[in-house]
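Going by mature numbering (1 follows the signal peptide of the UniProt record, and there is no 0), the letters in the sequence shown line up with residues -24 to -1, 1 to 110, in that order.
Have a look at the structure below before the remarks.
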Amino acid sequence: MKKSLLACLTAAALVLAFALPSIYAEEAPADGLVLDHTDDPKGYTTTFNHSTHTSVDCATCHHVEGEQQYASCVAEGCHDAADKQADMSWYKVVHDRKAGSKPTCVSCHLETAGDDIELKKQLTGCMGSACHPK
């Protein structure tokens, strides 16, 4: 009797341990999130689709902030500098080709593209790329 009770309690604990995070996980924003956080005179924007990044753990790009599980990248004090040259600028977070403590959009896209020249153009190019379509 004690062994079966212990087995049931262990199974219940495992179910809770794996189920609770998904119950409390925040929903990703809908596709079509327009990223426009610089004072770029050319007006470059990017439309980000979370659905095409489902293989990436949210914490790879987002920092956990207080009660908000995943804060916006341009939240005050994070990457809110509009100046492209600022150390923590939104521009650098997206375009830096070398990953620091966290990957950037371009560093991840370069890794994903590998040696495929056409995919590299599509994922890391400027105007006419997947990031900045014409």
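Positions of the beta carbon are idealized from the N, C-alpha and C atoms, including for glycine.
Note that the structure is a prediction, hence the values are computed from the model and not measured.
Distance between V50 and D12 (C-alpha atoms, nearest Å): Cα to Cα, the separation comes out at about 10 Å.
Segment limits, beta strand (DSSP E) that includes V10: Looking at the DSSP string, the run of the beta strand (DSSP E) that includes V10 is L9 to L11.
Candidates P109, L95, D59 and A35, of which the one nearest Y46 by Cα: The shortest C-alpha separation from Y46 is found at A35.
Cβ neighbour criterion (16 or more within 10 Å) applied to C102: Counting Cβ neighbours within 10 Å, C102 comes out exposed, since fewer than 16 surround it.
Run of the alpha helix (DSSP H) containing T36, from where it starts to where it stops: T36 -> alpha helix (DSSP H) spans C34 to C37.
Buried/exposed call for H39, threshold 16 Cβ in 10 Å: Exposed is the call here.
Short Cβ contact (8 Å threshold) for residue 127 with S27: Absent from the structure is residue 127, since the part of the chain shown begins at -24 and ends at 110.
Integer Cβ distance of M64 from H71, believed to fall under 8 Å: Not a contact, Cβ separation roughly 13 Å.
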